[in-house]
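Contents: one structure, followed by commentary.
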Amino acid sequence: MGLKGAMIWCSPPKEQPYSSDIYDPFWATAQELKMPISLHAITGMGVESQWNWGERYMRSTVLAHEVEKSFSVLIFSGVLDRFPQLQIVSAENNIGWIPYFLQRMDRFASRSTDSGIKLKPSEYFQRQMWATYIFDYVGVQSRQFIGVDRMMWSSDYPHQASSWPKSQEVVARDFAGASEDDIFKITRGNAARLYGFAV
-1 MGLKGAMIWC
9 SPPKEQPYSS
19 DIYDPFWATA
29 QELKMPISLH
39 AITGMGVESQ
49 WNWGERYMRS
59 TVLAHEVEKS
69 FSVLIFSGVL
79 DRFPQLQIVS
89 AENNIGWIPY
99 FLQRMDRFAS
109 RSTDSGIKLK
119 PSEYFQRQMW
129 ATYIFDYVGV
139 QSRQFIGVDR
149 MMWSSDYPHQ
159 ASSWPKSQEV
169 VARDFAGASE
179 DDIFKITRGN
189 AARLYGFAV
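Start counting the sequence shown at -1; every next residue gets the next number (this note's numbering).
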């Protein structure tokens, strides 16, 4: 079919956390097919995705917590140790939260004698995790803490949240002072590399 990736819940049902070996055949197949797996915003079973429209202000301010929890589980449960080629994408959860999140995980792991993982959490992120965003000036300015090779800009066209038809203006504003190499990687190069597209 030519599919380049797959999307799953941003967070799974409580009774079937991503740490469960029930998902191992799925992870194994995704790894074998070299198919990135996206955890898309507002698709999870957590409260962050379940709030009704009247509570949308809550959803918009804490939405990234859902993918943070899932990323933590995938790292600390050993999923990424068992499937070292598996690639996981945080889709449309923005990126400004990532530096502090990685710092917190690394600090916990460094102070724990039984975290059960082989690498620092941030090293798993740099090896196997990616993140897309639409509007996130703070995230772009924090790119050295996130990792330029792990970030992917998205216009989200044709959805309501899209930056189109002002996408070029958004990119110019957010990347003011950035190198051409960083701009290329984040706006198209990284996505092309991850999904196997020609640029």
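Ideal Cβ positions, reconstructed from N, Cα and C, are used throughout, including at glycine. Being a predicted model, the structure only gives us computed values, none of them experimental.
DSSP, read as helix, strand or coil, puts isoleucine 132 in coil.
Distance from the CA of tyrosine 155 to the CA of asparagine 91, rounded to the nearest whole angstrom, comes to 16 Å. One alpha carbon belongs to alanine 129, the other to valine 87, and they sit about 5 Å apart. The three-state secondary structure of isoleucine 184, taken from DSSP, is helix. When C-alpha distances from glycine 114 are compared across Pro10, Leu1, Ser17, the shortest belongs to Ser17. Taking the Cα positions, tyrosine 135 is about 11 Å away from tryptophan 151. The residue among Gly3, Lys12, Ile40 with its C-alpha nearest the C-alpha of phenylalanine 24 is Gly3.
Within the same chain, and ignoring the five residues on either side of arginine 148 in sequence, the residues whose Cβ sits closer than 6 Å to its Cβ are Trp128. Relative to alanine 89, the option among Ser153, Leu1, Ala174, Phe182 whose CA is nearest is Ser153. When DSSP states are grouped into helix, strand and coil, leucine 84 belongs to the coil group. Separation of phenylalanine 99 and leucine 1 (C-alpha to C-alpha, rounded to the nearest whole angstrom) is 31 Å. In summary, valine 197 is exposed, with fewer than 16 beta-carbon neighbours lying within 10 Å of its beta-carbon over all protein chains present. In the DSSP assignment, alanine 89 forms a beta bridge with His38. For alanine 4, the enclosing beta strand (DSSP E) has its first and last residue at 4 to 6.
Per DSSP, the beta bridge partners of methionine 150 are Thr130.
Scanning its chain for C-beta atoms nearer than 8 Å, with the 5 sequence neighbours on each side dropped, one finds around arginine 141 the residues Met149, Ala176, Asp180, Ile184, in chain order.
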